[in-house]
C-alpha cells in the first residue's frame, strides 16, 4: 500500500493527523509519498520539516519532492530555475512574499534544495504539478488532449498530482488518436496512436483546509484507490 499526500503547507497538526491515521492501518505502508507544498509561509514549516526528517518508530519514512511553495522559496534566495518571484508576487502580493522569506530558515532551504522533482515507480508518475512545471494545476475538468499530453510526456499510465488540492480520479479509456504535423511547406501524414487506459489522480490536500486533511491510498497489486479524509482539532472524526 502506498500513501500519497500533498499540500501540507506548514500545517504540523494536519500532518500529525495523517501519520496517526496511517499508524492505525491494518496494512503496511510500503511507500509514503509527500508530493510537494510541504512548507508554506509559516514559521511552523521549519518544525514540520524536522518532524518529516525524523519519523518515529513504527512510522513510514516519507519520500518527498518539491512543490510550488518549495520552488518559490528557492527563487527568493536565487536558487531556483527562474530569477524573479513574479508568480508569487502576482498571486499573493509583496506582503506574503516577505512573510515567506522571514518564515523559512536556512536549514529548511538546504533541505528543499535536496528534494526530487518527482518520482517514477512502476507505471506511475508522482509529482506536485506535472512534467511541465510545479505550477501546472490538473483538475477533473482538464481537456482530454491535455490530459493525454501530460501522461505521454513521462510515458506513465497513472499520474498522481497535488497542485489543485482536490481529490479526484480522471480516467482515459482505451482508444486511438490521430495526429499530424504542419510544417512550412507541407502537412505530414496522419500518425495513429493507440491509447491504453490511463488516469490522473488528484491526491487532495493535507493542510490547506483547517481541521480537514485529505490524502490518498493506492494499492499497486490491485490498482485500487482510496481517498481518505481525517478530521482533527476540536471536532475530530474520520471520513
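Numbering (the working numbering), first residue to last: 11 to 249. Heads up, the beta-carbon is just placed ideally off N, CA and C, and yes, glycines get one too. Bear in mind the structure is a predicted one, so any value in this text is a computation, not a measurement.
CA nearest to the CA of residue i, picked from the options
i           : options              : result
residue 44  : 155, 229 and 126     : 126
residue 183 : 33, 174, 170 and 158 : 158
residue 117 : 55, 243 and 165      : 55
residue 119 : 98, 178 and 87       : 87
residue 147 : 36, 46 and 40        : 46
residue 216 : 173, 231 and 232     : 173
residue 221 : 233, 234 and 241     : 241
residue 66  : 85, 233, 30 and 84   : 30
residue 231 : 84, 40, 108 and 92   : 40
6 Å Cβ shell around residue i - same chain, five flanking residues per side excluded
i           : result
residue 42  : 13, 70 and 72
residue 170 : 14, 136, 211 and 213
residue 249 : Summary for residue 249: the model assigns pLDDT 49, below 50, so the residue's position carries little reliability, and this model does not support an answer.
residue 178 : 150 and 212
residue 53  : 113
residue 237 : 177 and 226
residue 164 : 135 and 141
residue 161 : 169 and 208
residue 62  : 72
Contact under 9 Å by Cβ, residue i with residue j
i           : j           : result
residue 78  : residue 28  : no
residue 214 : residue 15  : yes
residue 150 : residue 90  : no
residue 68  : residue 110 : no
residue 94  : residue 82  : no
Backbone CA spacing between residue i and residue j [nearest angstrom]
i           : j           : result
residue 229 : residue 131 : 13 Å
residue 113 : residue 100 : 19 Å
residue 76  : residue 243 : 27 Å
residue 227 : residue 195 : 51 Å
residue 115 : residue 197 : 55 Å
residue 121 : residue 74  : 10 Å
residue 155 : residue 175 : 22 Å
residue 92  : residue 85  : 6 Å
residue 250 : residue 108 : Outside the displayed span of the chain (11 to 249) sits residue 250, for which this structure offers no information.
residue 35  : residue 124 : 30 Å
residue 60  : residue 223 : 20 Å
Cβ-heavy atom distance, residue i to the ligand ZN, below 8 Å
i           : result
residue 216 : Ligands in the displayed structure: none, and consequently the ligand ZN is not present.
DSSP beta-bridge partners of residue i
i           : result
residue 209 : 168 and 181
residue 238 : 225
residue 74  : 44
residue 136 : 129 and 170
residue 13  : 42 and 227
residue 219 : 222
Close beta carbons around residue i, own chain, < 8 Å, minus the five adjacent residues each side
i           : result
residue 207 : 167, 181, 182, 183 and 184
residue 58  : 18, 20, 21, 22, 25, 48 and 49
residue 5   : Residue numbering for the chain in the displayed model covers 11 to 249; residue 5 lies beyond these limits and cannot be assessed.
Own chain partners of residue i with C-beta closer than 7 Å, once the 5 adjacent residues on each side are dropped
i           : result
residue 37  : 11
residue 106 : 51
residue 128 : 75, 135, 136 and 137
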